[in-house]
Structures are given as C-alpha cells and as structure tokens.
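Spelled out as structure tokens, the structure:
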C-alpha cells in the first residue's frame, strides 16, 4: 500500500460519510479499470448485464413486432429477470416464475369473475397471492404471482380464458428466450471468481498488516487508530463471505452448461482447492483477534498496557514482513510470477525478529504483568499468522 493511500486512510478515519464516499468511488474506479483491462469478475458482470438487456429486446421484438401484440409486456419482463448468474439458476427460476405467473393469472381471473370489478378483484386476490408468494416452493419468484395479477387486472381488458392463456404464453416465450440467451451466449462460468476472491483476501490482509505496522512504528497510535484497524478486519470478514459465495457459484455454474461453450468462454478450468478457503478463514480470524488485542491495549480505561520502545518497532517490522508474504500470496493467485522466491530469506528474517522479540518479552516481564501479557498475546497471534501464511513448503501446482 502506497504512502499516499496510507495518509488518506488516516485522514478519513472518524469521518464516516466522507470515508464511505471515498472508498465507494475507489471501488467503482477499480471495477471500471478491471473491466477494461481484461477478463475477470467485473467484465463478467458487464457481459451478463448486456445479455439481460439483449434477451429483453429479443423478447420484445418477437412478441411486440413479429407477433403484433399491443401489450407485449410479459415476454421482455420475464426474459430480463431470467438472465441469472448461472444457467442452472436460470432454468430453476424459470420454472418457479412460470408457476407463480400461472397462479397469479388464474386467481386474478377467478377473482374478477366473482367480483365483476377490477378493484374488487384486486382486493380479493392480492392478500391471497401475497401469502402464496411466501411459499418456499416458489423461492424468490413468488412475488410474480401478485404482480401478474396486477398486470392482468390493470390492463383494462376483459379477463377471459383466452386472455389468461395469452399472458401465460407470453411468460413462456420470455422464459424460453431468457434461458436460451443465458445458456448459449457466453454462459456464465464462475471458476475464476474463487481465485480472484482469494487474491483480494490475501491482498487486503497484507494491506491491513502494513497499515498496523506503519501506525505502530509512528508510536502515535491510539483508540481511533485501533478502531480503524478493527473496521478493516471486519471488511476482511465480508471478503471471506464473498469467497464462500464464489465457491458456491463456481460449483453451480458448471451445471447444465456445455463443455464446448465453456471453452469459448475462456474461463479457467481449475479452481483452487477448498483447503485454501479454510486456511484464509483462519488468517482472517487471527487478524481479527490481533486488532481486538491492540484495541484493548489502546483503551485508556482498560488494564492491559501496550508495549513500547524498541520492542514495538520490532513487532511492527514483523507484521510488515507477514504483510509482504500476504501480498506474495495475492500475486500468486492473481497469476503474477515474482522474479525470485523470497521464502528462504523471509524465513531467516522472521526467525531473527522472533528471537529479538522473545528477548524483549523477557525484558517486559520485569515491567509488569499487564504489559507482558499484551506483548505475549500479540507475539502469539503473529506466530499463528505466520504459520498459516507461510506454511511448510508445498507444491505450487494450483498456480
């Protein structure tokens, strides 16, 4: 993380609205640059958005132009929402949505036949349909039962068997077009999402460690600095949840997709092993524990006292070293190849820092139990991080 970025982070701490706008603008800028540079999650999102718009336009052309339907609303509406994140979810939701639409159309027709008035039919049918919308068999598509009833009754046309069949036919047309576009035009394959989320998680963990190390070396860290670290650790938890979600999407995206179309999509064929998810889950937990310990030590109203002096500088150097290892991991998952493997030199440096910190721990033992307990806890958490981020030498076949 550059010195400019670190300075901006410190300037924005405690100014939540300004910080939120700043980080959101940065995120949008990164997404635009990533989509422009090459394949990735951001470009996949652009493709899916354009596919949804294209499916809706095709459905409108077929229903409104070729078939001459003056109320060609259902077909593009259904096609638009059925271009989902995976082909499997498109097919599943197409079935649920079609069943919900049929239910709404039939109940609306029955209600109008009973009440002989559109307003009365809405009063009679909508409460029932909103209850039906919560049926688990409909998944997230149950709301379409109620909205279909509104469209059918508000169109001003007489509700008849032919009109109901017409609406259902439009829904079926839109469903077929939406699923076909999603399955045949660059079908969404989410295998790269796992790798990119792992790279982002490692990079953000390294950024957090560098931020903590820089603040500790300035010896001006306080409760506000610790609150910023805690917030960054919480952001890591959200990134970990995104990794789990990407893992789930990667499995689902392989269902009901053609092997030939996958190759056209040029997505990676291998995903990182699930052991990596568990490893970085432990790293995230250890980082959260480390930032909480520092927050407690920075609290003037708590008994534990933070370490100080040369030992604090040594600890900051150790955290920066671990942060460098995180960035190396991020580059590995992002496909970057370092010029030389720094593992041996890094290990030797870490051992030297560890030895000197142990000496500092013994010196702190004579200054009071509270300060010694804090330093010992921080050292243990750093050792846990190191053991996870730089484990025993392992094969790098997953690269």
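Numbering (my numbering), first residue to last: 271 to 669. Glycine is no exception: its CB is placed at the ideal position from the N, C-alpha and C atoms.
State the CB to CB distance for the pair residue i and residue j, rounded to an integer number of angstroms; the pair is presumed to be in contact (CB under 8 Å).
i: residue 478; j: residue 504; result: At roughly 11 Å, the Cβ-Cβ gap does not stay under 8 Å, so residue 478 and residue 504 are not in contact.
i: residue 326; j: residue 350; result: 4 Å
i: residue 302; j: residue 375; result: With 8 Å as the limit, residue 302 and residue 375 do not qualify as a contact, their Cβ atoms being about 42 Å apart.
i: residue 352; j: residue 412; result: Actually they do not touch by this definition, with Cβ atoms about 15 Å apart.
i: residue 475; j: residue 603; result: The pair is not a contact, with the Cβ atoms about 12 Å apart (cut-off 8 Å).
i: residue 435; j: residue 345; result: That belief does not hold up - the Cβ atoms of residue 435 and residue 345 are roughly 14 Å apart, past 8 Å.
i: residue 517; j: residue 482; result: The Cβ separation is near 28 Å, so there is no contact.
i: residue 399; j: residue 385; result: At roughly 15 Å, the Cβ-Cβ gap does not stay under 8 Å, so residue 399 and residue 385 are not in contact.
i: residue 627; j: residue 660; result: About 17 Å; that fails the 8 Å criterion.
i: residue 368; j: residue 442; result: 6 Å
i: residue 563; j: residue 500; result: The Cβ separation is near 11 Å, so there is no contact.
i: residue 507; j: residue 554; result: 6 Å
The alpha helix (DSSP H) that contains residue i, what's its start and end?
i: residue 434; result: 431-454
i: residue 406; result: That residue, residue 406, is in no alpha helix (DSSP H); it is neither H nor E in DSSP.
i: residue 413; result: 413-424
i: residue 566; result: 544-568
i: residue 670; result: Outside the modelled stretch of the chain, which goes from 271 to 669, sits residue 670, for which no answer is possible.
Determine the burial state of residue i: buried for a count of at least 16 other Cβ atoms within 10 Å of its Cβ, exposed for fewer.
i: residue 407; result: exposed
i: residue 543; result: exposed
i: residue 585; result: buried
i: residue 670; result: The structure shown does not extend to residue 670, since the chain is modelled only from 271 to 669, so the question has no answer here.
i: residue 657; result: exposed
i: residue 396; result: buried
i: residue 300; result: exposed
i: residue 610; result: Low per-residue confidence applies at residue 610: pLDDT is 49, beneath 50, and the placement is therefore not dependable enough to give any value.
i: residue 338; result: exposed
i: residue 644; result: buried
i: residue 590; result: buried
i: residue 495; result: buried
i: residue 655; result: buried
i: residue 332; result: buried
i: residue 652; result: buried
i: residue 596; result: buried
i: residue 642; result: buried
i: residue 588; result: buried
i: residue 389; result: exposed
Can you give, in chain order, each stretch of the alpha helix (DSSP H) that sits fully within the segment 343-373 and has at least 4 residues? 344-351
4-residue-minimum alpha helix (DSSP H) runs that sit fully inside the segment 454-521, ordered along the chain: 461-488
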